[in-house]
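Chains as they are written, first to last, in the working numbering: chain D, 2 to 532; chain B, 3 to 318.
In this text, a Cβ means the ideal position worked out from N, Cα and C, and glycines have one as well.
For reference, the structure is listed below as structure tokens.
Below you can see the structure in the form of structure tokens.
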């Protein structure tokens with residue numbers, strides 16, 4: 002009996018253990034059925050702080066765009082347009098004075114921030130004081146350094162009535178509104194009550210805007226949760242909730258999507274895309290992305306002072322090959338510095354076609370029949386160095402011996418922003434904006450590093466003049482022609498090496514509907530629904 | 003025993019000070035500027051200088067270190083430069099997540115290691131011994147990130163039994179059961195390597211103890227197998243086993259970092275990675291110190307257990 006008793010106890014224990022294991026190991030889908038109306042997005046990195054005035058980077062704006070709005074906004078509900086149209090946001094209309102110096106905004110009535118604070122001219126003034134007015138007690142220096150591309154044009158702000166404000170610029174700039182909606186510090190409206198309650202620094206932990214989604218919680222490194230704003234003034238979001246999950250490892254992102262733990266992932270690994278499509282997942286790309294991947298050449302180096310050498314480098318790189326073999330279906334060769342997401346983009350523009358023989362001949366004419374050695378600085382990113390190795394191989398074919406020097410991202414950013422040292426011949430970045438004025442940031446004589454982002458010291462006064470003229474040209478068609486002419490001049494000088502457009506691939510579960518991949522780095526999630 | 007404990011705890015202080023100095027210096031010697039990250043590429047040098055002043059980064063490194071030590075002595079770990087959050091609120095939840103993963107992994111490694119090691123020793127030179135020895139050699143040589151991906155492929159993507167990422171189902175209600183489901187694959191991935199090492203050490207220690215003369219004498223005197231094993235073999239074999247188990251904690255913490263990446267487990271490792279790339283010195287400093295403290299404390303605990311088992315250690 003005693004033995005039997007032991008056996009009975011043992012068998013009970015085993016049964017209990019199996020029951021516990023079965024409870025733990027159960028089909029994943031049963032728990033997930035509760036998730037209707039919730040979109041879970043696997044992102045390639047953790048985002049920065051959620052204060053739109055004091056942060057930069059497209060990953061962060063993918064969240065803040067849902068919470069905050071500006072006076073004007075880009076309409077991101079259309080994917081098949083060359084550039085996102087500027088539409089009324091928290092201003093119902095605006096008027097630009099004939100001299101281009103004064104912007105008068107009529108504010109949208111009946112709008113409240115998520116905390117109930119009414120949106121009015123006083124709130125607009127408060128926001129401008131926060132990121133621009135050094136004399137204000139609410140001035141936030143960190144915000145000022147981020148929103149500088151927008152605020153450096155501002156001369157003053159006045160409240161005309163409770164629902165109207167006028168902003169005066171120091172000089173005309175017809176790209177000013179669009180410049181405010183780009184990827185480094187956005188002048189979106191934050192709740193004055195929240196800033197006063199939590200302080201300038203504290204707003205990032207308690208982000209309060211007027212957008213279609215409102216902030217619920219953030220667990221650093223785990224998730225950020227937003228929920229639908231039921232009082233939104235415009236088209237209300239379809240989703241109940243959005244959960245943003247940082248999944249840094251590309252394989253983990255793919256696995257999580259395959260296993261149904263997230264509904265969409267950005268930056269999927271190129272090699273996995275076709276397999277995911279075959280498994281029924283949807284690939285979304287944007288034909289008109291607002292950025293390009295390009296190389297800077299160090300024009301202070303003797304070898305690159307010769308335009309024939311710069312042209313040879315441009316002709317030696319097989320852009321089609323890179324797009325086809327590395328980017329698979331998610332890249333396109335790029336031949337100019339204007340990104341496809343700007344209204345000035347010319348898709349028919351071809352600066353230099355792939356021609357290694359002609360490139361070699363040009364090098365010989367320039368006095369380098371046997372090529373030369375060059376250092377190419379590159380950042381450490383998740384995609385490895387496939388493109389850079391390809392470029393290294395292509396340049397080797399015309400005799401240029403490229404040494405790749407790889408740096409961790411922060412170190413690289415410092416070296417890139419500081420301008421190339423004398424020993425460095427090339428570096429790279431993927432950047433751009435939906436305003437064509439962006440090429441002035443990277444290619445004007447007065448934006449040379451270290452006080453600007455012209456890391457390779459390119460300078461052509463004629464280009465500067467064209468870009469300056471374009472800014473003060475109110476007619477969009479005339480401005481577009483000026484930007485295109487500047488772009489042609491820059492590429493005629495071969496001051497840069499445009500390589501490829503990354504078409505912003507997003508992999509979606511078949512359960513996701515209504516997702517639009519617009520000509521911008523961030524998306525409007527109010528149109529999205531999940532089965 | 004009290005004196006022994008006091009001596010070991012006193013030795014803790016220079017270790018922690020040393021670790022903190024090394025990390026502080028490394029963070030300052032590393033190229034790259036936190037203000038470039040914080041202010042973005044369009045900031046001017048004047049903006050960067052002003053921010054460095056605000057953050058106190060323009061002061062000499064020894065002064066910065068002294069200020070940090072003074073704050074820590076008052077229980078204030080400072081504020082994260084990158085996230086503006088108090089460091090303690092960032093580190094504590096992540097530390098608990100890592101501690102949970104490390105504890106379950108250690109428990110599994112001990113269960114497998116002690117059981118398989120003892121079995122292999124008792125069935126010395128049998129087929130079972132050879133299978134266990136070979137299998138543990140294979141496991142010990144397997145990189146955890148590869149093992150993790152293989153487990154994911156089989157148990158998550160093929161069988162759909164277990165989740166592949168995170169600590170909880172993001173759309174679910176959470177709870178202990180949900181955490182347990184998410185814990186299975188990272189725990190197995192983290193534990194198998196250390197389990198293999200422990201198995202081999204247990205096997206050799208038990209074999210060594212079994213060959214000692216007093217065991218042969220006890221067996222000749224007719225002592226029962228159970229009593230012989232417990233009193234004369236296992237108790238004598240335990241000190242080196244305990245020491246290697248304690249040392250495995252370091253390996254487990256390292257292995258947990260790999261598992262955190264592969265399984266998106268929100269632990270200290272991923273926080274450290276983010277903080278290093280953001281040059282967030284206060285977070286890096288506090289996190290490393292916590293890991294060092296944990297490692298040293300566990301080894302003190304092992305020393306105490308060993309001293310209790312073998313009184314000669316107390317005297318030495």
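CB contact flag (residue i, residue j, <8 Å)
i                      : j                      : result
residue 334 of chain D : residue 312 of chain D : no
residue 568 of chain D : residue 133 of chain D : Past the edges of chain D, shown from 2 to 532, lies residue 568 of chain D, and the structure says nothing about it.
residue 186 of chain B : residue 164 of chain B : yes
residue 496 of chain D : residue 298 of chain D : yes
residue 14 of chain B  : residue 298 of chain B : yes
residue 488 of chain D : residue 387 of chain D : no
residue 106 of chain D : residue 165 of chain D : yes
residue 454 of chain D : residue 409 of chain D : no
residue 70 of chain D  : residue 170 of chain D : no
residue 498 of chain D : residue 318 of chain D : yes
residue 436 of chain D : residue 167 of chain B : no
residue 261 of chain B : residue 145 of chain B : no
residue 204 of chain B : residue 67 of chain B  : no
residue 201 of chain D : residue 472 of chain D : no
Own chain partners of residue i with C-beta closer than 7 Å, once the 5 adjacent residues on each side are dropped
i                      : result
residue 37 of chain B  : 50, 53 and 54
residue 111 of chain D : 234
residue 366 of chain D : 309
residue 76 of chain D  : 85, 86 and 88
residue 1 of chain B   : There is no way to answer for residue 1 of chain B, as the model of chain B reaches only from 3 to 318.
residue 305 of chain D : 298, 299, 311 and 426
residue 96 of chain D  : 105
Listed by chain order, chain D residues near residue i by CB distance under 8 Å
i                      : result
residue 279 of chain B : 409, 410 and 411
residue 152 of chain B : Per Cβ cutoff of 8 Å: no residues; residue 152 of chain B is ~12 Å from chain D at best.
residue 87 of chain B  : 206 and 221
residue 38 of chain B  : 411, 414, 415 and 418
Residues bridged to residue i (per DSSP)
i                      : result
residue 508 of chain D : D:266 and D:284
residue 103 of chain D : D:169
residue 428 of chain D : D:297 and D:378
residue 232 of chain D : Bridge partners of residue 232 of chain D: none, in fact.
residue 25 of chain B  : The partner list for residue 25 of chain B (beta bridge, DSSP) is empty, contrary to what the question assumes.
residue 185 of chain D : D:57
residue 408 of chain D : D:380
Nonlocal neighbours in the same chain, by C-beta distance under 6 Å from residue i, ignoring five residues either side
i                      : result
residue 280 of chain B : 39 and 84
residue 300 of chain B : 248 and 251
residue 353 of chain D : 315 and 316
residue 124 of chain D : 193
residue 441 of chain D : 468
Contact set between residue i and chain B, taken where Cβ atoms lie within less than 8 Å
i                      : result
residue 387 of chain D : Near residue 387 of chain D there are no residues of chain B at all, since even the closest Cβ is about 20 Å away, more than 8 Å.
residue 47 of chain D  : 276
residue 198 of chain D : Result: empty, since nearest Cβ-Cβ is about 15 Å, beyond 8 Å.
residue 564 of chain D : This structure leaves residue 564 of chain D out entirely; chain D is present only between 2 and 532.
Contacts of residue i in chain B (Cβ-Cβ under 7 Å)
i                      : result
residue 224 of chain D : 172
residue 464 of chain D : Going along chain B, no residue has its Cβ under 7 Å from residue 464 of chain D, so there is no contact; the nearest lies around 20 Å.
Sequence-distant residues of the same chain with beta carbon closer than 8 Å to residue i, five excluded per side
i                      : result
residue 515 of chain D : 239, 528, 529 and 530
residue 46 of chain D  : 60, 247 and 249
residue 293 of chain B : 255 and 270
residue 18 of chain B  : 291, 294, 295 and 298
Exposure of residue i, with buried meaning 16 or more beta-carbon neighbours within 10 Å
i                      : result
residue 36 of chain D  : Here the model assigns residue 36 of chain D a pLDDT of 43, short of 50, so the residue's position is not dependable, and the following value carries that caveat. Per the 10 Å Cβ criterion, buried.
residue 24 of chain D  : Confidence is the limiting factor: at residue 24 of chain D the pLDDT is only 47, short of 50, which leaves the residue's position unreliable and the question unanswerable from this model.
residue 449 of chain D : buried
residue 493 of chain D : exposed
residue 566 of chain D : Shown here, chain D extends from 2 to 532; a query on residue 566 of chain D therefore has no answer.
residue 371 of chain D : exposed
residue 207 of chain B : buried
residue 361 of chain D : buried
residue 279 of chain D : exposed
residue 510 of chain D : buried
residue 215 of chain D : buried
residue 120 of chain B : buried
residue 423 of chain D : exposed
Proximal residues of chain B, C-beta to C-beta of residue i below 9 Å
i                      : result
residue 142 of chain D : 49, 52, 53 and 56
Within chain D, the residues that residue i reaches when beta carbons sit closer than 9 Å
i                      : result
residue 34 of chain B  : 408, 409, 410, 411, 412, 413, 414, 415 and 416
residue 241 of chain B : Going along chain D, no residue has its Cβ under 9 Å from residue 241 of chain B, so there is no contact; the nearest lies around 32 Å.
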